[in-house]
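Colleague: Residue numbering for the sequence shown follows the numbering used here, starting at 42 and increasing by one per position. Handing you a structure now.
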Amino acid sequence: MLQTKQGISWINLYRQIRQLDSLSCHRILMSNQELPTPRASHSLIFVSNCLVLFGGGSEGGKHLDDTWIARIDSDIRVRLKWEKIAVGSPSGRFGHSCVAIENFIVLFGGINDLGARQNDVWIGQVSFQDSLSGGVTLSWRLLDVSETISPPPRGAHAACPTDDGMMMLIHGGIGMSGIRLDDTWVLVFSKDHHSGVWRELVTCSSPPSRSGHTLTNIGKNQIIMFGGRGRGYEVLNDVWLLHALSCEGEWHWVELLFDLQGPQGLVDLPRVGHSANLIVGRKLLIYGGEDSHRHRKNDFWVLDIGSSLLNMNRKRSYISKGWTELRGIGDKPEPRSFHRACTDYSGQYLYIVGGMVDCLCQPGGLPGLRFDGGQFLLEILLRV
């Protein structure tokens, strides 16, 4: 039976984290002077025990095209040493997606500072130098994609991998002329991940158009979509499940409905530009984002859906309970949106980098926004 670092079984661990109610927040310390500049709508991925950061938007509406890597030491998690990768990389962009598939990073789409939408696909791979130097680097290459059919260019979409690592799904985003999209596409990779073929998923029901939302693989061929901004600029709080009906690639969307009445009234969930990550216990952790009034948030919500997914052939499935707010203790991040977050392989540690935060642009002036360069580590507290 698998054991955790503390020596308890994963079954007992799962039972204990059903009682999960708080997160320990730490501001990450930096071990070097050259650091990623403040940014938002970038990508942050955990792969090969490294954090990989690429691109994003910065002050003045400029895009970034830099790639950074920080190797994670399991004994010193709150101190990072970032290395800037000097080799060729994808062109500058923000609002792109980036997912980890096996030991690869797959980047798709995005928007540059001229407003041009992209639909190219790049593969990044981390490699390590000799153990004495401890160096790490990353190489990018453009994926060979069949041009028979492909998604329209876009940014601010959502993406995630499938369980077997052979496919990537994307949904929605902002297309040409600023139109929000409602399409779902899957990129099927070759066995060596050197090429791929796109196909559009056509289902009997599907989520409405949106951007700034999230797609998260929760295992068992099931993917959760949450939130975003709709075609009418409304901010959403709906939850959709995309799941595989067969091995032949047949997929089905189901809307999950929840009782949003909490002890203090209605649960305040609508948001865009948030993060959503799978954590221990097959739970979904939602952090931050902004509401319809552009008020940024720094709250933490957990969606517990693992044991509640029934009647999946319906267009809608009602779940009476699911959302729980967690307390953040310690050095809690400032309210932010369009940040990026990722978990390590254990699902117990969450890294948060960048985003948009509130500020006073000038002393005594009106409130404004700034790009943030803050980096945080959140530890999910287990009742062991």
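Every residue, glycine too, gets a C-beta built ideally from N, C-alpha and C. Just so it is clear, the structure is predicted and the values come from calculations on it, not from any experiment.
(1) In whole angstroms, what separates the C-alpha of residue 224 from that of residue 72?
(2) Determine the extent of the beta strand (DSSP E) in which residue 125 is found, giving its start and end residues.
(3) Where does residue 248 land, buried or exposed, given buried means 16+ other C-beta within 10 angstroms?
(4) Under the assumption that residue 293 contacts residue 262 (Cβ atoms under 8 Å), give the Cβ distance between them as a whole number of angstroms.
(5) How long is the line joining the alpha carbons of residue 216 and residue 152, rounded to whole angstroms?
(6) Helix, strand or coil: which one does DSSP assign to residue 237?
(7) Please list the terminal residues of the continuous beta strand (DSSP E) segment that includes residue 157.
(8) Using the rule of at least 16 other Cβ atoms within 10 Å of the residue's Cβ for burial, across every protein chain shown, is residue 187 buried or exposed?
(9) As a quick exercise: from 149, 373, 370, 379, pick the residue whose alpha carbon is nearest that of residue 181.
(10) Are the beta-carbon atoms belonging to residue 137 and residue 372 less than 8 Å from one another?
(11) Taking DSSP's pairing of strands, which residues face residue 379 in a bridge?
(12) Is residue 207 helix, strand or coil by DSSP?
(13) Under a Cβ-count criterion, where at least 16 other Cβ atoms within 10 Å of its own Cβ denotes burial, should residue 310 be classed as buried or exposed?
(14) Among 253, 320, 176, which has the Cα closest to the Cα of residue 260?
(15) Could you give the DSSP three-state label for residue 218: helix, strand or coil?
(16) For residue 420, name the three-state secondary structure that DSSP assigns.
(17) How many angstroms separate the CA atom of residue 418 from the CA atom of residue 339?
(18) Report the residue ranges of all beta strand (DSSP E) runs contained in full by the stretch 305 to 348; include only those spanning at least 3 residues, in chain order.
(19) Given a threshold of 16 other Cβ atoms within 10 Å of its Cβ, counted over all protein chains shown, does residue 190 qualify as buried or as exposed?
(20) Could you pull the DSSP bridge partners for residue 74 from this structure?
(21) So what's residue 188 in DSSP terms, helix, strand or just coil?
(22) Whole-angstrom Cβ separation of residue 378 and residue 329, contact assumed at under 8 Å?
(23) Put residue 100 into one of helix, strand or coil per three-state DSSP.
(24) On the CB-based measure, 16 or more other CB atoms within 10 Å of its CB, does residue 243 come out buried or exposed?
(25) Less than 8 Å between the beta carbons of residue 258 and residue 203, yes or no?
(26) Just to confirm before moving on: does the CB-CB distance between residue 369 and residue 380 stay below 8 Å?
(27) Please state if the CB of residue 286 and the CB of residue 295 are separated by a distance shorter than 8 Å.
(28) Got a sec, what are the start and stop residues for the beta strand (DSSP E) residue 369 sits in?
(29) So for residue 395, helix, strand or coil by DSSP?
(30) Measure the CB-CB distance between residue 110 and residue 86 and report whether it falls below 8 Å.
(31) In angstroms with no decimal places, state the Cα-to-Cα distance between residue 389 and residue 207.
(32) Which residue's Cα is closest to the Cα of residue 142: 410, 386, 423?
(33) Just checking my contact of residue 327 with residue 336 at CB under 8 Å: how many whole Å lie between their CB atoms?
(34) In the DSSP assignment, find the beta strand (DSSP E) that holds residue 63 and state where it starts and stops.
(35) Applying the 10 Å Cβ sphere with the 16-neighbour rule, what's the burial state of residue 255?
Modeller: Based on what the coordinates show:
(1) As a position in the sequence shown, residue 224 is number 183, starting the count at 1. As a position in the sequence shown, residue 72 is number 31, starting the count at 1. Cα to Cα, residue 224 sits roughly 43 Å from residue 72.
(2) Within the sequence shown, numbered from 1, the residue matching residue 125 stands at position 84. According to the DSSP assignment, residue 125 belongs to the beta strand (DSSP E) that extends over 123 to 126.
(3) Along the sequence shown, one-based indexing puts residue 248 at 207. Residue burial annotation: residue 248 is buried, with at least 16 other C-beta atoms found within 10 angstroms of its C-beta.
(4) Within the sequence shown, the letter at position 252 stands for residue 293. Within the sequence shown, the letter at position 221 stands for residue 262. Separation of the CB atoms of residue 293 and residue 262 is rounded to 11 Å, and the pair is thereby denied contact status at 8 Å.
(5) Working through the sequence shown from its first residue, we reach residue 216 at position 175. Working through the sequence shown from its first residue, we reach residue 152 at position 111. Answer to the nearest angstrom: the Cα atoms are 10 Å apart.
(6) Numbered from 1 along the sequence shown, position 196 holds the residue referred to as residue 237. Residue 237: strand per DSSP, three-state reduction.
(7) Your numbering for residue 157 matches position 116 in the sequence shown. Element bounds for residue 157: n/a, residue is neither H nor E.
(8) The count along the sequence shown starts at 1 and reaches residue 187 at position 146. By the neighbour-count definition (other C-beta atoms within 10 Å, threshold 16), residue 187 is an exposed residue.
(9) The residue you call residue 181 lines up with position 140 of the sequence shown. Of the candidates 149, 373, 370, 379, the one whose C-alpha sits nearest the C-alpha of residue 181 is 149.
(10) For this step, residue 137 is matched to residue 96 along the sequence shown. For this step, residue 372 is matched to residue 331 along the sequence shown. The criterion of a C-beta distance shorter than 8 Å is not satisfied by residue 137 and residue 372.
(11) Position 338 of the sequence shown, counting from 1, holds the residue named residue 379. Beta-bridge pairing links residue 379 to no other residue.
(12) Residue mapping note: residue 207 aligns to position 166 of the sequence shown, counting from 1. The three-state secondary structure of residue 207, taken from DSSP, is coil.
(13) On the sequence shown, residue 310 is found 269 positions in, with the first residue counted as 1. When all chains shown are included, residue 310 counts as buried.
(14) Here residue 260 is taken as the residue at index 219 of the sequence shown, counted from 1. Residue 260 has its Cα closest to that of 320, out of 253, 320, 176.
(15) Counting from 1 along the sequence shown, the entry for residue 218 is found at position 177. In the structure shown, residue 218 adopts helical secondary structure according to DSSP, grouped into three states.
(16) Within the sequence shown, numbered from 1, the residue matching residue 420 stands at position 379. Three-state DSSP puts residue 420 in a strand.
(17) Translated into the one-based positions of the sequence shown, residue 418 becomes position 377. Translated into the one-based positions of the sequence shown, residue 339 becomes position 298. Approximately 14 Å between the Cα atoms of the pair.
(18) Fully enclosed beta strand (DSSP E) runs of 3 or longer: 316 to 320, 324 to 328, 341 to 345.
(19) Here residue 190 refers to the residue found at position 149 when the sequence shown is read from its first residue. In the assembly as shown, residue 190 is an exposed residue. Its beta-carbon has fewer than 16 other beta-carbons within 10 Å.
(20) Reading the sequence shown from its first residue, position 33 is the one you call residue 74. None, per the DSSP bridge assignment.
(21) Locating residue 188 in the sequence shown gives position 147, where the first residue counts as 1. In the structure shown, residue 188 adopts coil according to DSSP, grouped into three states.
(22) Position 337 of the sequence shown holds residue 378. Position 288 of the sequence shown holds residue 329. Indeed they touch by this definition, with Cβ atoms about 6 Å apart.
(23) Position 59 of the sequence shown, counted from the start, is the residue given in the question as residue 100. In the structure shown, residue 100 sits in a helix (DSSP, three-state: H, G or I).
(24) What you label residue 243 is simply residue 202 of the sequence shown in a count that begins at 1. So residue 243 counts as exposed.
(25) Start at 1 with the first residue of the sequence shown, and residue 258 comes out as number 217. Start at 1 with the first residue of the sequence shown, and residue 203 comes out as number 162. Closer than 8 Å, so yes.
(26) By one-based count along the sequence shown, residue 369 stands at place 328. By one-based count along the sequence shown, residue 380 stands at place 339. It is not a contact, given that the beta carbons lie outside the stated cut-off.
(27) For the purposes of this step, residue 295 is identified with residue 254 of the sequence shown, where counting begins at 1. For the purposes of this step, residue 286 is identified with residue 245 of the sequence shown, where counting begins at 1. Residue 295 is not a Cβ neighbour of residue 286, given a cutoff of 8 Å.
(28) Within the sequence shown, the letter at position 328 stands for residue 369. Residue 369 -> beta strand (DSSP E) spans 364 to 371.
(29) Position 354 of the sequence shown holds residue 395. Reduced to three states, the DSSP call for residue 395 is coil.
(30) As a position in the sequence shown, residue 110 is number 69, starting the count at 1. As a position in the sequence shown, residue 86 is number 45, starting the count at 1. Not in contact: residue 110 and residue 86 (Cβ atoms no closer than 8 Å).
(31) For the purposes of this step, residue 389 is taken as the residue at position 348 of the sequence shown. For the purposes of this step, residue 207 is taken as the residue at position 166 of the sequence shown. Put simply, the backbone Cα of residue 389 is about 25 Å away from that of residue 207.
(32) Locating residue 142 in the sequence shown gives position 101, where the first residue counts as 1. Ranking 410, 386, 423 by Cα distance to residue 142 puts 386 first.
(33) Against the sequence shown, residue 327 aligns to sequence position 286. Against the sequence shown, residue 336 aligns to sequence position 295. Not a contact, Cβ separation roughly 16 Å.
(34) Numbered from its first residue, the sequence shown carries residue 63 at position 22. Where residue 63 is concerned, the enclosing beta strand (DSSP E) stretches over 63 to 68.
(35) The residue labelled residue 255 in the question sits at position 214 within the sequence shown. The residue is buried, with at least 16 neighbouring Cβ atoms inside 10 Å.
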